[in-house]
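Remember, our numbering sits 20 above the position in the sequence shown when you count from 1.
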Amino acid sequence: MSIVILGIETSCDETAAAVVENGHLVRSNIVHSQIELHARWRGVVPEIASRSHTERILPIVEQALAAAGVTANDLTAVAVTHRPGMIGCLLVGMAAAKALAWRFGLPLLGVDHVQAHVHTGLLADPAMPLPALALVASGGHTAMYRITAPGQSERLGTTRDDAAGEALDKGAALLGLPYPGGPSIEQAALTGNRAAFDLPRTLLSADSLDFSFSGLKTALLYTLRPQGTAAPTAPPTGQRLADLAASYQEAVVDVLVTKIRRACERHAVRSLCIGGGVARNRRLRERLADDPRLRGLHLVLPNPTLCADNAAMIASLATVAWREGRTAPLDLDAVATPESGGKAKVRP
Ligand code: KG4
Ligand code: ZN
C-alpha cells in the first residue's frame, strides 16, 4: 500500500506544505516565501516570520492537499520540521501538524531540517548509488555528510563561522545588492570577470573538511574600503560591481568545490549530491558538472525548487522514519539546534 505523507515546514522564512507518496513521488509542493517581508531588514526577523507563518500555514496545507488531489483521510502520517530553526517559527508548523494528526488520528513524524536537505539527493534520485557525499549549503548551515543509507549519514565537516549563504548575503549587503544575496550576486556576476579581484579562499589545514567564510567577507569589505579609510564609500556600480560579484561568487564556489573534492578523495563514495539554497547556484552546479576530478561519481543536482526550503524534503525523509516505526509523540519539542549538535544559528 502507498505511503502518503503530508510534510510541513516553517523553520525559517518559508511557509511550506507538500504531499509525497512513497518517499519520492512529489504530488504537491507548495512554498510561500516571506522574502518581501524581510528584505528591508536584510535578514529574517523571527517575530515577523512566525506571525506570517501563523497567517499562512492552514491555507498552504489546504492548497497542498488540494493540489495533490487528496484529503486528510488519504494520509498515512503528518511530518513536520521540529529542528533546527527559530523556535517561534518551528512552533507554528508543529502546532498545525499536531492538530491535524490529533484530529485525523494520524501518526506524527518529527524531521530535522538539515537532514532533510541532506536527503534531497535521494528524493530527486531514489536510485542514487550509496554511499554518497552530500553538501548542504544554505543561509544557516554549510556542511558535508556521507550518506550510508536513506536517513543515515555522518557529518564530515562543517563551517567554523559563517555559512556559504550567509557569506553571500553579507557580501551582497556590502555591494549594495538586494537580499537575499545569493541570487542577486549570481545575477550581478553574469557580466563580470571572475578573475578581476583576487579574493582569498580559506581552506584551513591541508586535511580539514571544515569551512570558513568570514575572512572572505572581510576581504571584500577592505577591497571596497581600503584599511585606514574610515568613511564608507558609495556602493560599486557598472562593470566594477559585476566584476566584484563574479569574483566573490567564484571564491565561495571555489571553496565549496575544493572541499567536496577533498572529501571525495578521502571517503569512499559513489555519488555526489547537493542541497540547501546555495545549491541553486548555477555557477556551483556548472563547476561540479565540469570537474574532471569528480567525473567518476554519480552526480545528483536536484531541481532548484527542492534545494531551497520546502516541505517535500520533509515528507520524503519522514517516509524513512515511518518505515522504521519512528513516530513522534504529540508533545514533541521544538529544538533550535540540528541533530548533529553544534551551535544554533539564527540569522539576524
Ligand atoms: O536553504 P535556504 O532556502 O534557507 C536556509 O535554510 O537557510 O537557503 C537560503 C540561502 C540564502 O543565504 C540565499 O542567499 C541562498 O540560500 N541562495 C543562493 C541562491 N538562491 C538562494 N545562493 C547562491 N545562489 C543562488 N541562486
Ligand atoms: Zn534550509
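Think of the CB as a built atom: it goes at the ideal place given N, C-alpha and C, for glycine as much as any other residue.
In the DSSP assignment, residue 165 falls within the beta strand (DSSP E) that extends over 162-169. In its chain, beyond the 5 residues on either side, 221 and 223 have a beta carbon closer than 8 Å to the beta carbon of residue 278. Within the model, the alpha-carbon separation for residue 23 versus residue 333 is close to 15 Å. In the same chain as residue 263, and ignoring 5 residues on each side of it, the C-beta atoms closer than 8 Å to its own belong to 212, 213, 216 and 217, in chain order.
For residue 175, the enclosing beta strand (DSSP E) covers residues 172-178. DSSP lists 28 and 50 as the bridge partner or partners of residue 37. Under the three-state reduction of DSSP, residue 185 is assigned to helix. Remark: the shortest separation between the CB of residue 203 and any heavy atom of ligand 1 falls under 7 Å. Within the DSSP secondary-structure output, residue 100 pairs in a beta bridge with 28 and 130.
Our two residues, residue 294 and residue 260, have alpha carbons roughly 31 Å apart in a direct line. Secondary structure of residue 295 (DSSP, three-state): strand.
Short of 6 Å from the beta carbon of residue 46, and not among the five residues preceding or following it, lie these beta carbons of its own chain, in chain order: 40 and 332. For residue 112, there is no enclosing beta strand (DSSP E); the enclosing alpha helix (DSSP H) has its first and last residue at 107-124. Contact between residue 340 and residue 153 does not hold, since the beta-carbon distance rounds to 19 Å and is not under 8 Å. Summarising the contact set, residues whose Cβ lies nearer than 5 Å to any heavy atom of ligand 2 are, in chain order, 158 and 329.
Taking a contact to require three or more Cβ pairs closer than 8 Å, the segment 58-67 and the segment 75-94 do not qualify as touching. Secondary structure within the segment 283-328: the beta strand (DSSP E) runs of 3 or more consecutive residues, fully enclosed, are 291-295 and 318-320 (chain order). Just so you know, the alpha carbons of residue 183 and residue 91 end up roughly 39 Å apart. DSSP places residue 355 outside any alpha helix (DSSP H), giving it a letter other than H or E. When the five nearest sequence neighbours on each side are left out, the beta carbons in the same chain lying within less than 8 Å of the beta carbon of residue 241 are those of 194, in order along the chain. In this structure, residue 206 lies near residue 303, with their beta-carbon atoms less than 8 Å apart. Close CB contacts of residue 275 within its chain, under the 6 Å cut and outside five residues either way in sequence, are with 221 (chain order). Following the DSSP letters along the chain, one finds residue 335 inside the alpha helix (DSSP H) bounded by residues 332-343. Relative to the non-hydrogen atoms of ligand 1, the Cβ of residue 313 never comes closer than 7 Å to any of them.
Of all alpha-carbon atoms in 120, 234 and 57, the one lying nearest the alpha-carbon of residue 180 is that of 234.
A straight-line Cα-Cα distance of about 12 Å links residue 268 and residue 244.
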